[in-house]
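Worksheet for the structure shown next.
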DNA sequence: AGCAGTTAATTGCAAATTGCAAGTAACTGC
DNA sequence: GCAGTTACTTGCAATTTGCAATTAACTGCT
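Residue numbers (the numbering used here), protein chains in the order written: chain A, 865 to 993; chain B, 865 to 993.
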């Protein structure tokens, strides 16, 4: 088996980028965690307290998968009671467009739904130290 | 119970448009059917023959849900052997941006994945390099 | 007329995933 | 020393998924 075949084999269902993306984020919870990260949430308990009330075992699983797929990183922000924070990587931040498209579709087509805040705000000021 | 409460109650998890959108399209298969519709596929068997090989009971279920949510319509395109076609509504076509965002994210971040075709092709673009 | 083939499903069942409750471990603050 | 917080894990029932087989209604071939 060649390297190319190895690469092909790792596509779970097909080489279609939509299918591959869905293999990573195609479920009811993953993008809600990403949404929370865009909203500035960082810790396990912050995610747990979001209005959708994600079950704790699902949250633990999704965080693991997001780390495995390079969308977030997990790092301790304090040792003594060791506490972890989860941060979006560049790859994860680029899911902002997916989130934004869903948010806009939802706001337009699901009457009564209302965004608490928008991800990927157009802020042109990031070069400040 | 007031009308407002009725409206609130119908949100499955929260009024967040991202969560509401995920309640409709947040699974591994639904958006693949929508992708196929963007690719010009219209019939049950065309969806079945896509490379991901969606199980037939899942396909039947997802088509029902897409109809129920106003994303597609089902109509006979011939009577005698009565045959059905499924067509995107305006609401469904507006999922093109979600699909496009996923496609671009996948192409960029999943090495080897390659789009067979792009939904929502922007006719006016890509003159610069 | 008989039979294979196509389309659009439904049914049955095992396996996997989800959702809920409870429990755990390490620590803090009173 | 005891309640509270954080970040989980475990157990288990319920739901969903995936696969195979089957069905119903027709067409086209011989």
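Ideal Cβ positions, reconstructed from N, Cα and C, are used throughout, including at glycine.
Given the structure is predicted, the values throughout are model-derived calculations rather than measurements.
query: Does DSSP put residue 958 (chain A) in a helix, a strand or coil?; result: coil
query: Would you say residue 877 (chain A) lies against chain B (beta-carbon separation less than 9 Å)?; result: yes
query: Measure the CB-CB distance between residue 1071 (chain A) and residue 908 (chain A) and report whether it falls below 9 Å.; result: Here chain A has residues from 865 to 993 only, and residue 1071 (chain A) is not among them.
query: Between which residues of its own chain and residue 977 (chain B) is the CB-CB distance below 8 Å, once the five residues before and five after are set aside?; result: 970, 971
query: From the DSSP output, in three-state form, read off residue 975 (chain B) for me.; result: coil
query: Hey, does residue 871 (chain B) have any beta-carbon neighbour from chain A nearer than 9 Å?; result: Low per-residue confidence applies at residue 871 (chain B): pLDDT is 48, beneath 50, and the placement is therefore not dependable, though the value from the model is reported in the following sentence. With 9 Å as the cut-off, residue 871 (chain B) counts as an interface residue toward chain A.
query: Compare the C-beta of residue 1036 (chain B) against all C-beta atoms of chain A and say whether one is closer than 9 Å.; result: The shown model of chain B, from 865 to 993, leaves out residue 1036 (chain B), and the question about it has no answer.
query: Kindly list the residues whose CB is nearer than 7 Å to the CB of residue 911 (chain B), restricted to its own chain and excluding five residues on each side of it in sequence; keep chain order.; result: 897, 900, 905, 918, 923
query: Listed in chain order, which residues of the region 963 to 982 of chain A have Cβ atoms closer than 8 Å to some Cβ of chain B?; result: 963, 964, 965, 966, 967, 968, 969, 970, 971, 972, 973, 974, 975, 976, 977, 978, 979, 980
query: Is there a Cβ from chain A that is less than 9 Å from the Cβ of residue 986 (chain B)?; result: Because the pLDDT at residue 986 (chain B) is just 47, under 50, the model does not fix this residue reliably, and the value given afterwards should be weighed accordingly. Chain A, which has no Cβ nearer than 9 Å to the Cβ of residue 986 (chain B), makes this no.
query: Which class does residue 938 (chain A) belong to by DSSP, given the choice of helix, strand or coil?; result: strand
query: Can you check whether the C-beta of residue 937 (chain B) is within less than 9 Å of a C-beta belonging to chain A?; result: no
query: Report the neighbours of residue 955 (chain A) on chain B: residues whose CB is nearer than 8 Å to its CB, in chain order.; result: 973
query: Does any C-beta atom of chain B lie closer than 9 Å to the C-beta of residue 887 (chain A)?; result: yes
query: Determine contact between the region 933 to 944 of chain A and the region 961 to 968 of chain A, defined as no fewer than three beta-carbon pairs at a distance below 8 Å.; result: no
query: Looking at the secondary structure, which residues open and close the beta strand (DSSP E) in which residue 899 (chain A) lies?; result: No beta strand (DSSP E) contains residue 899 (chain A), which is instead part of the alpha helix (DSSP H) from 894 to 902.
query: Using alpha carbons as the reference points, say which of B:979, B:973, B:959 lies closest to residue 895 (chain B).; result: B:959
query: Give the straight-line distance between the Cα atoms of residue 890 (chain A) and residue 886 (chain B), rounded to the nearest whole angstrom.; result: 9 Å
query: Could you give the residue range of the beta strand (DSSP E) that holds residue 947 (chain A)?; result: 947 to 952
query: Put residue 933 (chain B) into one of helix, strand or coil per three-state DSSP.; result: coil
query: Could you check if residue 883 (chain B) is buried or exposed, using at least 16 other CB atoms within 10 Å of its CB as the buried criterion?; result: buried
query: Quick one: Cα of residue 994 (chain B) to Cα of residue 952 (chain B), how far?; result: The requested residue 994 (chain B) does not occur in the structure, where chain B is confined to residues 865 to 993.
query: Using only the alpha-carbon positions, how far apart do residue 933 (chain A) and residue 877 (chain A) sit?; result: 17 Å
query: Report the neighbours of residue 883 (chain B) on chain A: residues whose CB is nearer than 7 Å to its CB, in chain order.; result: 896, 916
query: Compute the Euclidean distance between the alpha carbons of residue 927 (chain B) and residue 875 (chain A), then round it to the nearest angstrom.; result: 25 Å
query: Anything in chain A within Cβ reach of residue 891 (chain B), meaning under 9 Å, just list it in chain order.; result: 886, 890, 891, 892
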